[in-house]
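Visitor:
Numbering (this note's numbering), first residue to last: 7 to 88.
1. Let me make sure I understand the geometry here. Which of 66, 79 and 76 has the alpha-carbon closest to that of residue 16?
2. For residue 84 and residue 38, I'd like the C-alpha separation in whole angstroms.
3. Smallest Cα separation from residue 79: which of 34, 7 and 50?
4. Nearest to residue 75 by alpha carbon, out of 36, 26, 62 and 8?
5. Whole angstroms are fine: how far does the CA of residue 29 sit from the CA of residue 77?
In structure tokens, the structure reads:
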């Protein structure tokens, strides 16, 4: 079972195949997808899910948010192809 709240990198992986990082962040990706579906503010998601303060580090928070959300969506698409 993947960890419930692991630390995240500033950028999610971009490999074509799922990585160990992806496996370890399955819960993070699920939380990102749920927040996206609910229309949550990216700043709140960065703070709560990614543990990055968007007030103190707006560029880092935005970049981490966007890359992890994109990777979460990619992971779902990749899983459906199998």
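Quick reminder that beta carbons are idealized off the backbone N, C-alpha and C, glycines included. Treat the numbers as computed from the prediction; the structure is a model and nothing was measured.
Guide: With the structure as the only source:
1. On the chain shown, position 10 is the one that residue 16 refers to. When only C-alpha atoms are compared, the closest one is 66.
2. Working through the chain shown from its first residue, we reach residue 84 at position 78. Working through the chain shown from its first residue, we reach residue 38 at position 32. Rounded to whole angstroms, residue 84 to residue 38 spans 17 Å at the Cα level.
3. Translated into positions along the chain shown, residue 79 becomes position 73. Selected option, being the one with the closest Cα: 34.
4. Counted from its first residue, the chain shown places residue 75 at position 69. Measuring from the Cα of residue 75, the nearest candidate turns out to be 36.
5. As a first step, residue 77 is located in the chain shown; it is residue number 71 there, counting from the start. As a first step, residue 29 is located in the chain shown; it is residue number 23 there, counting from the start. Rounded to the nearest angstrom, the two C-alpha atoms are 12 Å apart.
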